[in-house]
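Trainee: Residue numbers (the numbering used here): 271 to 1245.
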């Protein structure tokens, strides 16, 4: 990158330096200004390092302390940096013996795989914490307190200062001299040095820690195993359910969060005379018995197995396989057990499970599952009387440190020599080509942990693929030795699977590095030492994805983190990846995009896990999101039926909000009302009259989607019977911290009286207004007041549901003010409302339109035009950097045109809204207000030959774009 890459780069640099050191400037580009770098919810050292790595030509990290997880957090950026032919150096040391030998193994891997120059400084007191990034034109340095550890990059209270200088500056000369000196005083890292260091390395003494241990361990107090905080909450909920008279309940808890211990603790509190624990697979019986023996402090003789080979039904605690128990039910009386636990309760709808559940009549029946949802429509919740005692999904489990952190890398699957990319229709033989095998092995070498033996599961799509890949991998030398793998499928017996698992956990010569599986090991297998999960098949179900990811999330001694490699081809289902990774079941495209943007922006997920995509795989996921029909009627109706199954009653929008399920706004706007969609899904009839339907449609279309609380606050007051003068509205909004100017108040009133709306909307869509002005007071019309007076009517319940749900989601997504939120999406119609226009002019705004009453001129930009747009609108608008846009006026304009002069005058606010292309729908991202400058009168070519006059100018935003949103838009980064 050179100075020529930026228009007026040297001027911008001077403005930034002046802004940082002399006088703050609201128009400074803020690309090179000095800044203090902290770890906060909005930014982090990690984020800054990632941004700088993406833009520099060369880097130097001079750091005393390094951790393997810090390298994992930056692995994708380092891969991308080096793949672009750019260079880097890392200088560290063995100061204080702090660095684990594994950290040096990871650094050596960077040297061997990526070509990064990793060096060891000779000083015995090497303690710097500096990061330097160079281009041909400038140098940026960040120095302060942050070492190259995951805590220092993300979590710790750190102080760092980032400064930039031109390449000709004295600071650049000083830094160059320092870098040269550090390199000259250091030697390249080598494997021999690591082995010598390992021989003298003394691991740190474990520090005392709180009683909250990993969920598969327990806290001992006076010999008694006690619950961790998550388990305490669940136990309290189970006790409340029993006190209510219920005799069944369901626990939903992510794999690895301690469901078995939890069930044992609850059973212990009930002091059962006899207990039955039912499992689908015998492979987990021994671990379950051991857990119960520890919790109950009973001799193992009290615990019996009931399986094909053992029938120990006389013991107080019986642990049975479903298959054996079902065949011998007649040997047990209905009241044989006081307390029964069904493991993997999502299988409870199977006939074998149902016969067992129906046969027994315990005092309490507890089901446990990580994924209660089923694709066959069976209702698991009903089997447990709709009593969900506790629910902790993957995201919450990570937040509570119940699982091992993971580092997920989305990697583009191989492109074959003839240019073929893999997709759902690919010939199966192409899945085992030498090119794909080589791509797999190189990715394993680059991304997986160094210095520890691999213990991985590789999930394949087909049996033949798994077997042939296993054969090929077994002929491969990986990090100095032959790989050892085995393919397992549904055809293999339980004994064969058990033997394979033992070999995977074995450190000896008969051990395995990887098991390649097809349609097994998604559940019902417990291998805590798994440190790699490799996905070589498309994501066809977010449920299965989470199950497979969960195989590696159990905590285990010496297990720092899990590496997940997901090979992403051109699959239409790629949109399911963010659904699974982020637990986003909203069926809202913008929510999924934002999940990806947030992961990019923050750098980490809860629990210091991370999600990174290489460029091509990210493009494929974003394209799949754009192309997916997430909100088609069938999917939304399935969501309604699923929620109905969970609740045992028709769901409200509030239920979807509180359970973090499908986006209520998406549900409510698919049909004319949510009630209408729900009736279709459940085969019911709400019986609304035409006028009631129109009222509900108005509240749905106009108020739930308002993206500010004002309309819903007004409606809530009107429903209470109040009449509201302007002074009342001002008081109402002040009370809720959302003051608005007078012209916006008037616009709000016009929304309720339908004066804001177009004539077709007034006549055909909504009909008679919901409210009217009477003696300068806003009140419900007589008809609306009458129809909404019965709080038990379907209409009133639907309206109350919208008010409650809308206020909650708006507060979380948009805040309380009449303020356009940077990075949020708005339509032209939304802009008319927020800017306080007297009427809706969305149909005539097009690229921009001034409103003289409010002195605003919103600008709407579509970066990538469809091929069929007219020559007169084929503008080449572009985002130049995080602060500036190159923008075209409407065609047939000159510097003398009235609208051009108005935009350049500085007298009108210029809110800027941008979308990538029309595939994103009607909504645009709000980038902020802009100032227009540097106008140039020019022309646009046309197919007819005669050019069209146009004016180009630079729009300077009031604040820089967030880096992830900039990456999403910028044409050199995404398509």
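Glycine included, C-beta positions come from ideal geometry on N, C-alpha and C.
Quick check: the stretch 712-723 against the stretch 905-919, are there 3 or more CB pairs under 8 Å?
Mentor: no
Trainee: According to DSSP, which residues form a beta bridge with residue 1095?
Mentor: Taking the chain shown and counting its residues from 1, one reaches residue 1095 at position 825. Its beta-bridge partners are 1195.
Trainee: Fully enclosed by the stretch 1004-1028, which alpha helix (DSSP H) runs are 4 residues long or longer?
Mentor: 1012-1022
Trainee: Excluding sequence positions up to five away, which residues of its chain have a Cβ less than 6 Å from the Cβ of residue 1187?
Mentor: The count along the chain shown starts at 1 and reaches residue 1187 at position 917. Around residue 1187: 1134.
Trainee: Would you kindly work out how many angstroms separate the C-alpha atoms of residue 736 and residue 466, rounded to a whole number?
Mentor: For the purposes of this step, residue 736 is taken as the residue at position 466 of the chain shown. For the purposes of this step, residue 466 is taken as the residue at position 196 of the chain shown. Taking the straight line joining both Cα atoms gives about 40 Å.
Trainee: Using C-beta distances below 6 Å, list every residue in its chain close to residue 586, excluding the 5 sequence neighbours before and after it, in chain order.
Mentor: For the purposes of this step, residue 586 is taken as residue 316 along the chain shown, with counting starting at 1. Within the same chain, residue 586 has close Cβ partners 544, 572.
Trainee: Could you name each continuous beta strand (DSSP E) segment of 3 residues or more that falls completely within the stretch 566-602, going from the start of the chain to the end?
Mentor: 573-576, 587-591
Trainee: If we ignore side chains and look at the alpha-carbon of each, how far apart do residue 563 and residue 602 end up?
Mentor: Start at 1 with the first residue of the chain shown, and residue 563 comes out as number 293. Start at 1 with the first residue of the chain shown, and residue 602 comes out as number 332. Cα-Cα distance, rounded: 23 Å.
Trainee: Between residue 808 and residue 841, how many whole angstroms is the CB-CB distance? I'm expecting something under 8 Å.
Mentor: One-based indexing of the chain shown puts residue 808 at position 538. One-based indexing of the chain shown puts residue 841 at position 571. Contact holds; Cβ gap of about 4 Å.
Trainee: Is the distance from the Cβ of residue 662 to the Cβ of residue 507 below 7 Å?
Mentor: Here residue 662 corresponds to residue number 392 of the chain shown, with the count starting at 1. Here residue 507 corresponds to residue number 237 of the chain shown, with the count starting at 1. Not closer than 7 Å, so no.
Trainee: What would DSSP say about residue 456, mapped onto helix, strand or coil?
Mentor: Residue numbering aside, residue 456 sits at position 186 when the chain shown is read from its first letter. Per DSSP, reduced to three states, the secondary structure at residue 456 is strand.
Trainee: Can you tell me the Cα-Cα spacing of residue 366 and residue 722, whole angstroms?
Mentor: Your numbering for residue 366 matches position 96 in the chain shown. Your numbering for residue 722 matches position 452 in the chain shown. Distance between the alpha carbons of residue 366 and residue 722: 23 Å.
Trainee: Can you tell me which of 984, 1160, 503, 821 puts its alpha carbon nearest to the alpha carbon of residue 525?
Mentor: To locate residue 525, count along the chain shown from 1; it is residue 255. If we check each option's Cα against that of residue 525, 821 comes out closest.
Trainee: Are the Cβ atoms of residue 501 and residue 546 separated by less than 7 Å?
Mentor: Position 231 of the chain shown, counted from the start, is the residue given in the question as residue 501. Position 276 of the chain shown, counted from the start, is the residue given in the question as residue 546. Not in contact: residue 501 and residue 546 (Cβ atoms no closer than 7 Å).
Trainee: Based on the DSSP secondary-structure assignment, which residues constitute the bridge partners of residue 391?
Mentor: On the chain shown, position 121 is the one that residue 391 refers to. Partner(s): 456.
Trainee: If you drop the 5 nearest sequence neighbours on each side, which residues of the same chain put their C-beta closer than 7 Å to that of residue 542?
Mentor: One-based indexing of the chain shown puts residue 542 at position 272. Cβ neighbours of residue 542 beyond the five flanking positions: 608, 609.
Trainee: Give the DSSP bridge partners of residue 250, in chain order.
Mentor: Nothing about residue 250 can be read from this structure; the chain reaches only from 271 to 1245.
Trainee: Closer than 7 Å by C-beta to residue 974: which residues in its own chain qualify, once you throw out the five before and the five after it? Chain order, please.
Mentor: If you number the chain shown from 1, residue 974 lands on position 704. Same-chain partners within the cutoff: 935, 938, 1072, 1076.
Trainee: State the DSSP-derived secondary structure class of residue 1205, mapped to helix, strand or coil.
Mentor: On the chain shown, residue 1205 is found 935 positions in, with the first residue counted as 1. Strand, per DSSP.
Trainee: How many angstroms separate the CA atom of residue 342 from the CA atom of residue 1091?
Mentor: Counting from one through the chain shown, the residue named residue 342 turns up at place 72. Counting from one through the chain shown, the residue named residue 1091 turns up at place 821. Distance between the alpha carbons of residue 342 and residue 1091 is about 33 Å.
Trainee: Is it the case that the stretch 329-336 contacts the stretch 352-366, given that we only count it when at least three CB pairs across the two stretches are under 8 Å?
Mentor: yes
Trainee: Between residue 1023 and the rest of its own chain, which residues show a CB-CB distance below 7 Å, the 5 nearest in sequence each way excluded?
Mentor: One-based indexing of the chain shown puts residue 1023 at position 753. If we look at residue 1023 and ignore the five residues flanking it on each side, its Cβ neighbours are 1039, 1041, 1042, 1043.
Trainee: Indicate the three-state DSSP secondary structure (helix, strand or coil) for residue 609 in the structure shown.
Mentor: For this step, residue 609 is matched to residue 339 along the chain shown. Strand.
Trainee: Among the candidates 1021, 1000, 995, 1007, whose CA atom is the shortest distance from the CA of residue 969?
Mentor: As a working note, residue 969 is residue 699 in the chain shown. Taking only the C-alpha atoms, the option nearest residue 969 is 1021.
Trainee: Can you tell me the Cβ-Cβ gap for residue 505 and residue 388, rounded? I've got them flagged as a contact below 8 Å.
Mentor: Numbered from 1 along the chain shown, position 235 holds the residue referred to as residue 505. Numbered from 1 along the chain shown, position 118 holds the residue referred to as residue 388. Not really, about 50 Å apart at Cβ, beyond 8 Å.
Trainee: Which residue comes first and which comes last in the beta strand (DSSP E) that contains residue 838?
Mentor: Within the chain shown, residue 838 is the residue found at index 568, counting from 1. For residue 838, the enclosing beta strand (DSSP E) starts and ends at 832-838.
Trainee: Any beta carbon of chain C sitting closer than 7 Å to that of residue 289?
Mentor: Absent from the structure: chain C. Only one protein chain is present.
Trainee: Would you call the stretch 831-849 and the stretch 674-683 touching, i.e. three or more CB-CB distances under 8 Å?
Mentor: The answer is yes - the stretch 674-683 touches the stretch 831-849, with three or more Cβ pairs under 8 Å.
Trainee: Hey, out of 724, 468, 859, 884, whose CA is closest to residue 870's CA?
Mentor: Taking the first residue of the chain shown as 1, we reach residue 870 at position 600. Ranking 724, 468, 859, 884 by Cα distance to residue 870 puts 884 first.
Trainee: Is residue 790 helix, strand or coil when you go by DSSP?
Mentor: The residue given as residue 790 occupies position 520 in the chain shown. If DSSP states are grouped into helix, strand and coil, residue 790 belongs with coil.
Trainee: Suppose the cutoff is 6 Å on Cβ atoms and the five residues either side in sequence are ignored; what does the same chain contact list for residue 782 look like?
Mentor: Here residue 782 is taken as the residue at index 512 of the chain shown, counted from 1. The residues are 754, 756, 773, 774.
Trainee: Could you compute how far the alpha carbon of residue 310 sits from the alpha carbon of residue 733?
Mentor: Indexing the chain shown from 1 puts residue 310 at position 40. Indexing the chain shown from 1 puts residue 733 at position 463. Their Cα atoms are separated by approximately 47 Å.
Trainee: How would you call residue 1054, buried or exposed, if buried means at least 16 neighbouring beta carbons within 10 angstroms?
Mentor: To locate residue 1054, count along the chain shown from 1; it is residue 784. Buried.
Trainee: Please report the distance separating the alpha-carbon of residue 949 from that of residue 1074.
Mentor: Numbered from its first residue, the chain shown carries residue 949 at position 679. Numbered from its first residue, the chain shown carries residue 1074 at position 804. Their backbone Cα atoms lie some 21 Å apart in a straight line.
Trainee: Looking at residue 410: is its Cβ nearer than 7 Å to the Cβ of residue 439?
Mentor: Residue 410 sits at position 140 when you count from the first residue of the chain shown. Residue 439 sits at position 169 when you count from the first residue of the chain shown. No, the pair does not count as a contact, with Cβ atoms beyond the cut-off.
Trainee: Go through its chain and collect everything with a Cβ distance to residue 812's Cβ below 6 Å, but skip five positions before and after it.
Mentor: For this step, residue 812 is matched to residue 542 along the chain shown. Same-chain partners within the cutoff: 846, 849, 850.
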